[in-house]
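The structure appears below as structure tokens.
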Amino acid sequence: MKNKIISIGHKNPDTDSVLSAVLVSRFGKKIFGVEIEAVMAGDVNNETKFILEKLKIKKPRILKVIKKEVIVLVDTTEPKQIIDGLTEDNLMAIIDHHNLGGLKSSKPIFTRVESIGCTGSVIYKILKEKNIKIDKTSAILMITCIISDTLNFNSPTTTLDDKKIFKELNQIAKLDMKKFVGKLFFAKSSLKGISVNDIISKDYKQFDMGKYKVGIGVWETTAPETVNVQKDKIIKSLVKKKDQEKIDYMFFSVVDIVKNNSDLYIIGKEEQGLAKKVFSGNMKENLMFLKGVVSRKKQVTPQLRDGLGK
Ligand SMILES: [Mn+2]
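The opening position of the sequence shown corresponds to residue 123 in my numbering, with each subsequent residue numbered one higher.
This is how it looks when you write it as structure tokens:
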């Protein structure tokens with residue numbers, strides 16, 4: 123029997139990551155000529171749960187270790203963020219919109235990495251080029267990736283292509299966008315069933331920056347106070363996570379997706395030194411206010427990397 127082919131995004135998957143895996147599965151036959159099962163490297167967040175339920179799409183199963191599966195990797199190429207067990211031999215394709223994180227393959231593979239707002243937009247381009255017809259549900263899935271990852275076009279990661287792609291998709295999806303974004307961001311901000319540990323780890327990414335291990339968690343919300351009110355507990359959890367995972371610098375930010383600012387949590391002396399070096403925000407009781415900062419990818423990670431001299 124041939125090895126099973128799966129599509130999968132990064133650990134602590136966000137909406138773009140899960141839905142992109144689902145889209146690759148929906149179009150697996152047409153893009154790659156094979157059946158592909160969407161799986162996840164961790165459980166869904168409330169935003170992803172909302173959209174999957176709304177579209178009556180079965181939640182992908184969670185896979186913790188790759189054994190013999192062949193992989194279509196979406197939404198990351200960062201070794202630290204990929205499910206355990208990936209080898210140079212079991213990678214079949216990469217579809218992403220991040221910096222190249224250092225993966226290798228033993229044979230030629232399909233790669234499509236673009237500097238664009240979300241992986242959903244990259245998938246749209248592939249479908250268009252191959253003249254593949256897009257159904258309404260898939261259009262809504264791609265729109266959700268765009269809105270979720272670009273924070274409704276407010277993140278500096280948004281490109282003109284994302285806006286154009288959105289328009290084309292909404293001719294198929296015909297969504298009332300005001301209502302849709304409202305519901306999606308309400309779900310994104312929901313703390314239902316979310317522990318303090320979930321807040322810091324649901325959208326947590328680890329990076330190697332030279333000899334340093336850096337962790338950066340994010341919580342995007344329309345109501346930052348609902349999270350900041352738990353500041354003391356959050357800091358305690360961050361300190362614990364930093365210790366347990368042997369992280370050199372541990373950051374966490376609460377992103378206000380209405381006003382488009384963020385509060386960066388400063389949990390210790392090392393973090394304070396680095397943050398003061400690279401950001402110019404005011405500090406107040408462990409929080410550094412970063413005006414206009416909403417994107418970890420563009421406005422936080424590269425700055426910290428520079429500050430550490432890579
Ligand atoms: Mn993404």
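Just so it is clear, CB atoms sit at the ideal spot from N, CA and C, and this is done for glycine as well.
Remember, predicted model here, so these are calculated numbers, not experimental data.
{"Asked": "Under 6 angstroms Cβ to Cβ from asparagine 167, same chain only, skipping five residues before and after it: list those, please.", "Found": "Lys324"}
{"Asked": "Between the alpha carbons of valine 194 and isoleucine 217, how many angstroms are there, rounded?", "Found": "8 angstroms"}
{"Asked": "Any idea if glutamine 203 is buried or exposed, counting beta-carbon neighbours within 10 angstroms, 16 or more meaning buried?", "Found": "buried"}
{"Asked": "Looking only at its own chain, which residues have a Cβ that is under 8 angstroms from the Cβ of lysine 399, when we skip the five neighbours before and after it?", "Found": "Gly429"}
{"Asked": "Considering just the uninterrupted stretch of the beta strand (DSSP E) at aspartate 385, what are its terminal residues?", "Found": "383 to 388"}
{"Asked": "What is the rounded straight-line gap between the Cα of serine 147 and the Cα of alanine 160?", "Found": "5 angstroms"}
{"Asked": "Tell me whether serine 260 counts as near ligand 3, meaning its Cβ is closer than 7 angstroms to at least one heavy atom of that ligand.", "Found": "Of the ligands this structure carries, namely ligand 1, none is ligand 3."}
{"Asked": "Assuming lysine 170 and valine 192 make a contact with CB atoms under 8 angstroms, what is their CB distance in whole Å?", "Found": "Looking at the sequence itself, residue 170 is threonine, so the reference to lysine does not match. About 24 angstroms; that fails the 8 angstroms criterion."}
{"Asked": "For a quick check, are the C-beta atoms of tyrosine 434 and valine 318 less than 8 angstroms apart?", "Found": "Given that the chain is displayed from residue 123 to residue 432, the structure contains no residue 434 and the question cannot be resolved."}
{"Asked": "Going by the beta-carbon positions, is the gap between lysine 252 and isoleucine 153 smaller than 8 angstroms?", "Found": "yes"}
{"Asked": "Please report the residue range of the alpha helix (DSSP H) in which serine 277 lies.", "Found": "No alpha helix (DSSP H) holds serine 277; DSSP gives it neither H nor E."}
{"Asked": "Could you tell me which residues DSSP pairs with methionine 405 in its beta bridges?", "Found": "Met410"}
{"Asked": "Cβ of isoleucine 268 within 8 angstroms of Cβ of leucine 185?", "Found": "no"}
{"Asked": "DSSP on glutamine 328, reduced to helix/strand/coil?", "Found": "strand"}
{"Asked": "Would you report the Cα separation of glycine 390 and glutamate 407, rounded to the nearest angstrom?", "Found": "12 angstroms"}
{"Asked": "Do the CB positions of histidine 220 and lysine 358 come within less than 8 angstroms of each other?", "Found": "no"}
{"Asked": "According to DSSP, simplified to helix, strand and coil, what is threonine 199?", "Found": "coil"}
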